[in-house]
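Residue numbers (my numbering): 729 to 872. Positions of the beta carbon are idealized from the N, C-alpha and C atoms, including for glycine.
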């Protein structure tokens, strides 16, 4: 019971968007990436880094890196670790850059306008993570 009470208190200390990010990191760590790594056939595996598509074994290796990143993000958010800053915002900016580069450089991309539309929410999230660390790092959730 104390564990549930502690978790509930922990959740209340963060802004809603930080809790949503924690939930996403937990989902990626516990559900999606184990499926991706251990059950998805090698021929179907794809990972995107900096707008470049990787397939096969390079995608599996990228999946391991993604798994580590999401696990560290989940742990850092759950336990409000100070080392999370600035790394979490830099990773989210990398996602935004990947969205933009994918749209511009890949033959399946829809161009710069679509890339900017896809990247904008991630740029906003990176700004929140950078400028409002008290919403996910310390005991005072501020103006959440």
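Going by DSSP in three states, residue i sits in which element: helix, strand or coil?
i, result
"residue 774", "strand"
"residue 761", "helix"
"residue 739", "helix"
"residue 865", "coil"
"residue 732", "helix"
"residue 859", "helix"
"residue 767", "coil"
"residue 870", "Unreliable placement is indicated for residue 870, whose pLDDT of 41 sits below 50; the coordinate value is still reported in the next sentence. Here residue 870 sits in coil by DSSP."
Using the rule of at least 16 other Cβ atoms within 10 Å of the residue's Cβ for burial, across every protein chain shown, is residue i buried or exposed?
i, result
"residue 794", "buried"
"residue 863", "buried"
"residue 850", "buried"
"residue 712", "Any property of residue 712 remains undetermined from this structure, which presents the chain solely from 729 to 872."
"residue 843", "buried"
"residue 730", "exposed"
"residue 826", "buried"
"residue 796", "exposed"
"residue 841", "exposed"
"residue 869", "Note on residue 869: pLDDT 41, under 50, position unreliable in the model; no value is reported."
"residue 746", "buried"
Taking residue i and residue j to be in contact with their CB atoms under 8 angstroms, please state how far apart those CB atoms are, rounded to whole angstroms.
i, j, result
"residue 802", "residue 753", "4 angstroms"
"residue 750", "residue 806", "6 angstroms"
"residue 779", "residue 834", "7 angstroms"
Measuring alpha carbon to alpha carbon, tell me which residue in the options is nearest residue i.
i, options, result
"residue 773", "764, 820 and 833", "764"
"residue 858", "827, 818 and 829", "818"
"residue 861", "775, 735, 798 and 804", "804"
"residue 777", "838, 855, 823 and 768", "823"
Three or more C-beta pairs closer than 8 angstroms, one from the segment 786-794 and one from the segment 810-817: is that the case here?
no
| said: For the structure I just gave you, are there three or more beta carbon pairs, one from the segment 757-776 and one from the segment 734-744, closer than 8 angstroms? | reply: no
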